[in-house]
Structures are given as structure tokens and as C-alpha cells.
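Residue numbers (our numbering): -6 to 105. C-beta atoms are modelled at their ideal positions from N, C-alpha and C, and glycine is treated no differently. Working notes, beginning with the structure itself.
What follows is the structure in C-alpha cells.
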């Protein structure tokens, strides 16, 4: 009777371990697929996946929307069109902004 109980317990443990193994493998596979998709999306957007948070923070720091109000007024010193275009070309060359962002920013700079 004790042998039957032990055999049943061992079988239950084997079933539990098999179920745990399947769930664990599924979670690991999901994490790998998710990481690969995020890596590809970052690369497609023109970011270095290992430095993306820093690139985005730097891009936001230079954003006109986050610039203090006094720096955007009429009395604020304006960059020349050559300086602005050179800055945009540099950002594009370093991969901080995408081709579409570069083209749109150049068009806005040339309108002014």
C-alpha cells in the first residue's frame, strides 16, 4: 500500500515538473521573441537599441516644446539658417533623427 502511494506521488510530481517545464519554456520563448521584436523596432526607427533611452532623452532635451518660455520669445537669439541646417545634418548623420524627421525639420527651417 505504501509503494502504491509513493508511485502515485512520484507520478504526480513528474506531471507537475513536466507542466512546469512547458510553462517555463513558453515564458522564455515569449521573452526572447519580445526582445527580438523590440530590437528590430528600435533599429527600424533609427535608434541604437543599447542607447535608445539616452538618444530619446537627448532628443527631447533639444525639443522646442520643452524649452523654457523665455528662450522661445521674440527677443531670444535666433540661429542662422546655416547653423540650423548644419545642426540638423549632424543629428541625421549621428542617427539621432530619422530620414523623415530630417526632411521635415529641414523644410520647417527653410520656411522661416
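Label residue i either buried or exposed according to how many other C-beta atoms from any shown protein chain fall within 10 Å of its C-beta, with 16 as the threshold for buried.
{"i": "residue 64", "result": "Residue placement at residue 64 cannot be trusted, given a pLDDT of 49 that sits under 50; what the coordinates show is reported in the next sentence. So residue 64 counts as exposed."}
{"i": "residue 43", "result": "exposed"}
{"i": "residue 100", "result": "exposed"}
Are the beta-carbon atoms of residue i and residue j separated by less than 9 Å?
{"i": "residue 39", "j": "residue 90", "result": "yes"}
{"i": "residue 48", "j": "residue 41", "result": "yes"}
{"i": "residue 102", "j": "residue 77", "result": "yes"}
{"i": "residue 98", "j": "residue 81", "result": "yes"}
{"i": "residue 74", "j": "residue 31", "result": "no"}
{"i": "residue 35", "j": "residue 24", "result": "no"}
Between the Cα of residue i and the Cα atoms of the options, which residue gives the shortest distance?
{"i": "residue 113", "options": "9, 21, 71", "result": "Nothing can be reported for residue 113: it is not among the residues displayed for the chain, which extend from -6 to 105."}
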